[in-house]
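Okay, structure first, notes after.
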Amino acid sequence: MKRNTRVIYSFDLFDTCFIRACGAPRNVFDLLAYRVLGANSDESARADFALERVKGERKARALSQVEEITLEAIYVCCDFMALTAQSKTEIARLEMQVEREQLVPVYAIREKIKTLHREGHSVYYISDMYLPRTFLSELLIEHGFWREGDKLYVSSACGKTKHTGNLYKHIAAENGLRFKDWYHWGDNRHSDYRIPRRMGIKASLIHHVYSVYERFLVRQDYFPGFFVNQHLAGLSRAVRLAFPDEPRYAFAADLIAPLYVAFVYHVLRDAVSRGIRSLFFLARDGYILYRIAKELEGEFPGLRMKYLYVSRSSLYLPGLPAITPDSLLSLRKTMFGFTDETELDILGNFITSETWHEVECVMRSGSGSGKGEELFANPEVLAILSRYHDTQRDLILRYFIQEGLADPIHKTVVVDIRGTRSCQQAINAILRQGGFRPAEGYYLEVVDERKPIQEAGDYHALYYAERMRLSSSLRYISDELGSILEQYFSVSPHKRTIAYLEDDGRVRPVFENGEKEGDTRDLMTCHEETVALFTRLFMRNYLYLHLPATLALATQSLAYFSQRPVYSYLKALRAIRVNSKKGHYAYIVKRLSPMELKRHTVNWRRGSVYFTLRTTMGYRYINRVFLFGVEALKRLLSHLNG
């Protein structure tokens, strides 16, 4: 055959074009055991099933007269009769189904191949694999790799392998290719690099390595029955590689999705077990939790999930029993102590701008008997606020009835990320006054200044701040990542709800005017895409059957990040500003100077130290120096202010 002088491009498939979400290839057999034997099967039966599949492949290779075996040959050598009545043909079909569910396309490789296609090149796909060629062809088409003119060579169909070099020779002979015009990419150092390079092929290694936080999970190897850590690390890696190589996608895949998806599943499962029919995810922090819940909706068909537009701004004042000087003083409290704002500034956080200007006019005019009195004691101001309180309280109750939170018969539940439970307290005050039963609450974390059960109602939490602080590692999640959990992990696509109004017979939320949104739309899209894919893979990897271990590992990974934040992940945070109330913003992290540290212009100072240093080498020493510096700065500021 005449030699083809055009340039040839080829790619390996597994761990190059596709990555397995379960991590190690053998983990596929644990998933297959669940699929064949059932979720409630005995662990020993599943272990025996996986072992039999491994032995079958080993035996088939020993008996083979060619370089590669087929899936059919493997199952001829397997004996599952003591474990299941399903035929080996059906089990083989299920194995391909599991593989299909686990294989995630790698974004960067697919984009490289698309570029080659746009330039007019055809691509050769070459795989040492026992799975059928037709199965792999379908995968390439399904995930957008294939274009007319491309070719696929699989060792199981050819009887030759890359490992020996014979598959490369076969392809060259069949297509008239010259090795010196051939470029190949793959992950195997021997089959995809050394062998083709010896033949004159220009080979490049692909490294889809685990990230620092994924490697941390892999090292937590204490699950011999089902390798939860490997599956969780594999999921994060697969999801990360499924999207552009950007810090925000890595951050979401490694740190947000594992914790939030497991937490939401925990909430939904617990709610069903307790006979709860409706869950309401509180804006804005609960938005991403709500999106995860909607992804899981098919697993909980009897559970209604809704998103509720509420906020501290819209609830706190209407939630007061009545407008009095004493009750208004409670608006000064935040989860961090007392604010140093004026009363007029404080009101700006809890009423509409129109009502605020009405109050301001009263104070400026000095009319009435309140001229020399504080704002919260001014009778005219109290009258304005009382009218606002009554109107908004009525609208909120109607909104709760409209959305189904106010249910006279069934228990309802609100879901939030973290806090003092003041929103739940205000919600229940309004529900009780309307004659409805109070709502219970689910939280990822509650702080130690939280409202007690007798004031705010029943609740369930994953983390309790005062208990987290007793742990040498988990304490940093509560002490330092609170605002990041609320305002970066849980970023939402809409502004803060400030009030409610009636519109065409329905009550709808009023969003705050002029609130600085920042560039959050792309970030929100990133989080939605990441958690959606992670949720699907979470279910396919049966991690919901290992929820305590999954939650523990996700928590430990986040704690590891809080102590050792890697620069590439901190870059996801550098342009983000967070606020605790209207108009008050601070960057999460930024490069530090002594003056900026003194002015407290950053939200996460430890993260900013690592962002400035750009390294985590010697992180234990860095942390000790950091804590010493913080205490020294506190003493200095106390001395200067004293």
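Just so you know, we're using the numbering used here here: the sequence shown kicks off at 2 and counts up by one.
The beta carbon of each residue, even a glycine, is placed where N, CA and C say it ideally should be.
Source: prediction; values computed, not measured.
- Taken through DSSP and simplified to helix, strand or coil, TRP183 comes out as strand.
- When the beta-carbon positions are compared, LEU329 and LEU321 come within less than 9 Å of each other.
- Closest in C-alpha terms to GLY435, from the list THR531, ILE385, PHE401, comes PHE401.
- Counting every other CB atom within 10 Å of its CB across the protein chains shown gives VAL590 a total of 16 or more, marking it as buried.
- Annotated three-state conformation of VAL155 is strand, per DSSP.
- Leaving aside the five residues that flank PHE252 on each side, the residues in its chain whose CB is nearer than 7 Å to its CB run, in chain order, TYR570, ALA573.
- Between VAL99 and ARG36, the C-beta spacing is below 9 Å.
- Among the bridge pairs identified by DSSP, ILE347 is matched with none.
- The Cβ atoms of ARG476 and GLU446 lie no closer than 9 Å to each other.
- Secondary structure within the region 275-306: the alpha helix (DSSP H) runs of 4 or more consecutive residues, fully enclosed, are 288-296 (chain order).
- Apart from the 5 residues on each side of it in sequence, LEU72 sits with its Cβ closer than 8 Å to the Cβ of ALA93, GLU96, MET97, TYR131, LEU132, PRO133, SER157 in its chain, given in chain order.
- A distance below 7 Å between beta-carbons, with the five flanking residues on each side excluded, links ARG190 to the following residues of its chain, in chain order: LEU206.
- Using a 10 angstroms sphere on the CB of CYS362, the tally of other CB atoms stays under 16, which defines it as exposed.
- Taking 9 Å as the cut-off, the Cβ atoms of ALA533 and GLU296 count as close.
- Here TYR489 has ILE577 as same chain residues with Cβ atoms under 6 Å from its own Cβ, once five neighbours each way along the sequence are excluded.
- Under the Cβ criterion (8 Å, minimum of three pairs), the region 235-243 counts as touching the region 529-547.
- Beta-bridge partners of PRO510 (DSSP): TYR501.
- Sequence-distant Cβ neighbours of HIS185 in its own chain, meaning closer than 6 Å and more than five residues away, are SER11, PRO197, ILE202, ALA204.
- Taking 9 Å as the cut-off, the beta carbon of VAL603 is found no closer than this to the beta carbon of PHE627.
- Taken in chain order, no unbroken stretch of beta strand (DSSP E) lies wholly in the region 515-561 with a span of 3 residues or more.
- The closest CA to that of SER274, considering only TYR250, GLY303, ALA587, is found on GLY303.
- Excluding sequence positions up to five before and after GLY226, its CB lies within less than 6 Å of the CB of GLU44, all in the same chain and listed in chain order.
- Shown here for GLY57: same chain residues with a beta carbon closer than 6 Å to its own, the five before and five after excluded, namely ILE75, CYS78, CYS79 in chain order.
- The alpha-carbon separation between ARG285 and LYS170 amounts to approximately 59 Å.
- Sequence-distant partners of ARG62 (beyond 5 residues in either direction) whose C-beta falls short of 8 Å from its own C-beta, in its chain, are ILE70.
- In this chain, PRO106 is not harboured by any alpha helix (DSSP H); it is covered by the beta strand (DSSP E) spanning 104-106.
- Secondary structure of VAL416 (DSSP, three-state): strand.
- If the five residues before and after GLY287 are omitted, its C-beta is found closer than 6 Å to the C-beta atoms of VAL416, ASP417, all from its own chain and listed in chain order.
- Under DSSP, SER128 forms a beta bridge with VAL155.
- Bounds of any alpha helix (DSSP H) do not take in ILE9; it lies within the beta strand (DSSP E) bounded by 9-12.
- Taking the CA atoms as reference points, SER479 sits about 60 Å from ARG7.
- Among the bridge pairs identified by DSSP, GLY442 is matched with VAL415, TYR460.
- 9 Å or more divides the Cβ of LEU396 from the Cβ of THR356.
- Contact between ASP129 and LYS163 holds: their C-beta atoms lie close to 5 Å from each other, under 8 Å.
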